[in-house]
Amino acid sequence: MFIPEAFSQYVKSSVSLAKTHNSGVNWIDIDGDGDLDLSISGDDLGYSYGFGKLYLNSGSPTFTISYKRDIRAIEDGDQKWSDFNNDGYPDLLYAGEDVGRIAGIDTFKVSDAALPYYNKYSGFTAVSDGSVDWGDYDNDGDYDVLIAGQDASGLIVTDLYRNDRSAFTKVNAGLPGVILGKVAFIDYDLDMDLDIFISGRDINTNKYTRLWKNTGGAFQVTSDVFVNLEFSQFDWGDFNDDGYPDLILGGSSIGIALGYIYYNNSGTGFTLSGMKVPGARYGSSAFGDVDNDGDLDAFISGYKAKKIFRDKYIFLNNGTDSLIPLTSFTSDTVSRSFIQFGDYNSDNKLDFVTNGMDAYSNGLTYIADNTTATANTKPSAPQNLHSTVEGKNVILSWDPSTDNNTAPKALTYNIYMGKTSGGINVVSPNASIATGFRRVSRQGYIQDTAWMIRNLPVGIYHWGVQAMDNALGASAFSAEEIFEIKERFTKVPYTEDPSSTSPAV
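The sequence shown runs 27 to 531 under the working numbering.
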């Protein structure tokens with residue numbers, strides 16, 4: 027059901043935040059207390075180099091966001107959070123400029139009230155003007171790393187790093203390098219592995235936008251045709267509720283700001299929608315159900331044309347292949363911006379945080395509170411879990427969850443797996459097993475009701491799954507399922523052949 031725009035409103039929060047642009051903003055539950063905290067990095071036009079800040083959420087009843095401590099300082103870059111070391115808490119992946127180019131992973135000691143952080147890994151190629159993402163491309167249960175940008179020698183790269191638990195190994199994936207754009211993992215064809223989407227300016231200064239299919243751990247560029255863009259941004263989500271992730275894409279071509287939504291044709295190709303999508307470059311695009319009617323709406327920000335005019339849009343999806351502007355929210359227009367949706371005040375409505383450069387070229391960061399009259403309801407927990415073991419691999423499957431608003435096909439999923447009940451040492455869910463609360467604010471990476479984990483050692487494994495709707499409402503985890511990986515061949519104790527013994531003399 028489409029909810030009229032009068033019932034879909036945002037109010038700019040009075041929370042005072044560091045004013046930044048050119049790097050990320052992220053909602054994360056860093057301290058594990060069941061509410062979303064906030065990390066901000068970027069350039070505030072007053073620092074010689076980038077900076078980073080962490081804000082903690084006081085929780086119910088006030089949900090006050092207040093500064094806690096400085097964290098990794100970056101500008102002209104990106105940051106993403108995920109639990110790469112399976113300790114239950116999100117870790118920070120970053121790349122960009124501080125005193126020179128940097129890239130790495132920081133972990134936080136949550137048992138200490140000061141939340142000290144430690145550089146856990148710094149073996150990545152340091153880049154700026156790029157993008158980062160987490161994803162388990164090889165299906166072994168841990169989160170691998172994708173980093174794009176320009177290194178100190180001027181080389182433009184897109185590097186894939188395999189997480190080997192104790193270290194990362196650079197993979198020769200043959201991916202084209204880009205800057206001034208974005209890279210991300212996505213299972214666009216629902217074949218139970220993560221593909222890679224790349225958009226930006228390549229090493230030959232050409233605009234580039236292509237999809238690379240995962241073919242069992244290697245990647246092959248597809249024949250799908252997208253408009254080549256630079257200063258580009260995109261997001262994936264099931265906009266038409268058919269079960270396959272669609273694409274919102276924006277950026278620049280010869281100084282002209284362009285915008286598109288592509289429909290996914292059941293994983294076999296893409297069709298350009300008939301929607302008029304405002305063009306924006308050097309900004310941000312994101313999907314989210316802002317009016318709690320079950321379908322995905324869109325946020326778009328950036329320059330409209332070169333550096334002449336900045337803008338910001340929120341559009342409602344009316345279900346008839348068109349976008350309706352949400353005119354009830356007016357605030358600062360931004361470029362060089364990042365946005366992330368998240369329900370930081372736990373009222374089951376998608377708020378958002380965004381940063382960027384305002385109309386006077388000053389840094390800007392603010393939270394917008396969603397005051398929509400209707401609250402979201404979370405999906406049901408998945409049921410009827412099943413494990414199909416094939417040698418050292420397992421296919422995990424379950425029945426679709428249900429949701430009061432989001433179509434069952436549009437739900438995404440998130441799993442955990444460990445060697446003990448409730449354990450996460452094989453797959454971390456970035457969520458609380460007890461409550462289902464997500465510690466990172468994004469959709470599940472599983473687009474269907476099945477997923478594969480490969481190359482498991484012999485042993486007994488426990489796993490569960492939760493569903494997520496388009497308003498980022500997360501269900502409780504399912505009842506736990508158990509399976510066993512066995513030795514492929516039975517060892518038979520050696521027994522001497524009686525016929526081979528020497529006769530008695």
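No residue lacks a Cβ here, since even glycine has one placed at the ideal position from N, Cα and C.
{"Query": "Nearest neighbour of ASP162, chosen from LEU186, GLY276, ASP261 and GLY293 [CA to CA]", "Result": "LEU186"}
{"Query": "Euclidean distance between Cα positions of ASN469 and TYR81", "Result": "Before going further, note that residue 469 is Gln rather than Asn in the sequence given. Answer to the nearest angstrom: the Cα atoms are 22 Å apart."}
{"Query": "Backbone CA spacing between GLY417 and ARG480 [nearest angstrom]", "Result": "9 Å"}
{"Query": "Rounded straight-line distance, which links the Cα of ASP495 to that of THR475", "Result": "14 Å"}
{"Query": "Boundaries of the beta strand (DSSP E) in which SER154 is found, first to last residue", "Result": "154-161"}
{"Query": "Cβ shell of VAL41 (< 7 Å), same chain only, five flanking positions each side left out", "Result": "ILE91 and ILE393"}
{"Query": "Three-way DSSP call (helix, strand, coil) for ALA436 in this model", "Result": "helix"}
{"Query": "3-residue-minimum beta strand (DSSP E) runs that sit fully inside the stretch 380-461, ordered along the chain", "Result": "389-396, 412-416, 419-423 and 438-444"}
{"Query": "In DSSP terms, what ASN318 is bridged to", "Result": "DSSP output for ASN318 lists no bridge partner at all."}
{"Query": "Three CB pairs or more closer than 8 Å across the stretch 435-444 and the stretch 186-197", "Result": "no"}
{"Query": "Nearest candidate by alpha-carbon position, reference ALA306, set VAL453, SER363 and ALA502", "Result": "SER363"}
{"Query": "Other residues of its chain near PHE223: CB distance less than 6 Å, five sequence neighbours each side excluded", "Result": "ALA210, ILE212 and LEU237"}
{"Query": "Exposed unless 16 or more other CB atoms sit within 10 angstroms - verdict on ASN343", "Result": "buried"}
{"Query": "Straight-line gap, GLU510 to GLY382 (C-alpha atoms, nearest Å)", "Result": "50 Å"}
{"Query": "Residues of its chain near TYR93, where Cβ-Cβ distance is below 7 Å and the 5 sequence neighbours each way are ignored", "Result": "LYS79 and TYR81"}
{"Query": "For TYR329, the nearest candidate out of GLN105, LEU422 and LEU284 (CA to CA)", "Result": "LEU284"}
{"Query": "7 Å CB neighbourhood of GLY295 in its chain, flanking five on each side removed", "Result": "ASP250"}
{"Query": "Neighbourhood of PHE77 by C-beta distance below 6 Å, restricted to the same chain and skipping five residues each side", "Result": "ALA99"}
{"Query": "Stretch-stretch touch, CB-based, cutoff 8 Å, three pairs: the stretch 150-162 with the stretch 486-494", "Result": "no"}
{"Query": "CB contact flag (ILE56, LEU119, <9 Å)", "Result": "no"}
{"Query": "Span separating the alpha-carbon of PRO49 from that of SER311", "Result": "One detail in the question is off: residue 49 reads as Ser in this sequence, not Pro. Using only the alpha carbons, I get a separation of about 14 Å."}
{"Query": "Own chain partners of ASN430 with C-beta closer than 6 Å, once the 5 adjacent residues on each side are dropped", "Result": "THR403"}
{"Query": "Own chain partners of ARG95 with C-beta closer than 8 Å, once the 5 adjacent residues on each side are dropped", "Result": "LYS79, LEU80, ALA140 and LEU141"}
{"Query": "Near the ligand PLP: LEU82 beta-carbon under 8 Å from a heavy atom", "Result": "Within the structure as shown, the ligand PLP is missing, as the structure has no ligands at all."}
{"Query": "Cβ-based neighbour list, ILE182, same chain, cut-off 6 Å, excluding 5 preceding and 5 following", "Result": "GLN176, GLY203, ILE205 and ILE229"}
{"Query": "Of the listed residues ILE282, TYR289 and GLY314, nearest to TYR308 (C-alpha basis)", "Result": "ILE282"}
{"Query": "C-alpha distance - ASN318 paired with ALA497, whole-angstrom precision", "Result": "7 Å"}
{"Query": "Nearest to ASN374 (by Cα), restricted to the options THR428, ASN451 and SER467", "Result": "SER467"}
{"Query": "CB contact flag (GLY207, TYR234, <9 Å)", "Result": "yes"}
{"Query": "In DSSP terms, what TYR120 is bridged to", "Result": "GLN105 and GLY130"}
{"Query": "TYR36, DSSP secondary structure in three states", "Result": "strand"}
{"Query": "Coarse secondary structure for ARG336, derived from DSSP in three states", "Result": "Low local confidence applies: a pLDDT of 47 at ARG336 is under 50, so the model's placement there is unreliable, and no value is given."}
{"Query": "Simplified DSSP state of ARG480, which is helix, strand or coil", "Result": "coil"}
{"Query": "Helix, strand or coil at ASN189 according to DSSP, with G and I counted as helix", "Result": "strand"}
{"Query": "Bounding residues of the beta strand (DSSP E) (the contiguous stretch that carries VAL491)", "Result": "485-494"}
{"Query": "PRO426 to ASP117 span [Cα, whole Å]", "Result": "30 Å"}
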